Amino acid sequence: MLKKEKEKYKEKLLKRKEEITNKLSEVYNQSKEVESGIAQDLVDKAESSYTKEFLLSLSHTERKQLFLIDEALKRIEKSDYSICQMCSKEINKKRLNAVPWTPYCIDCQQKEEEESFESSSS
Ligand SMILES: [Zn+2]
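If you read the sequence shown in our numbering, its first letter stands for residue 23, the second for the next number, and so on.
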């Protein structure tokens, strides 16, 4: 992938991350009075149990997305972004544009969803 393209995806990822963390700080501000910006700082230090408490106030989807975004940002740095983490094939560009934080190609994603559905229904 071209450096220029990677920058584009990185921007998208950071923007989405910001949206989620902004929402997080809103939740935080609603529950406790605190200066803005602190929540963002807490998200950066997600290993503290204090932060996890706030992350828990986000919906499951958002928390998962935040995690996937961080993982995708790491992959951009390591230059294996756009490579499926399951089958090592290139992920379709259209898919990356729609879901820039996805770690899997469409085939593997479907397989994964089927499996998690099966395990949760049993
Ligand atoms: Zn795959």
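Note that CB positions come from ideal geometry on N, CA and C, so glycine has one too. Keep in mind it's a predicted model, so treat the numbers as computed, not measured.
{"Query": "Neighbour-count burial assignment, residue 24, 16 or more Cβ in a 10 Å radius", "Result": "exposed"}
{"Query": "Alpha-carbon to alpha-carbon, residue 39 and residue 46", "Result": "10 Å"}
{"Query": "Contact belief for residue 93 with residue 104 at Cβ below 8 Å, rounded distance in angstroms", "Result": "Actually they do not touch by this definition, with Cβ atoms about 13 Å apart."}
{"Query": "Any non-hydrogen atom of ligand 1 closer than 7 Å to residue 23 Cβ", "Result": "no"}
{"Query": "Heavy atom of ligand 3 within 7 Å of residue 102 beta-carbon", "Result": "With respect to small molecules bound, the structure shown includes ligand 1 and not ligand 3."}
{"Query": "Cut-off 7 Å between Cβ atoms - residues of its own chain near residue 134, not counting five sequence neighbours on either side", "Result": "126"}
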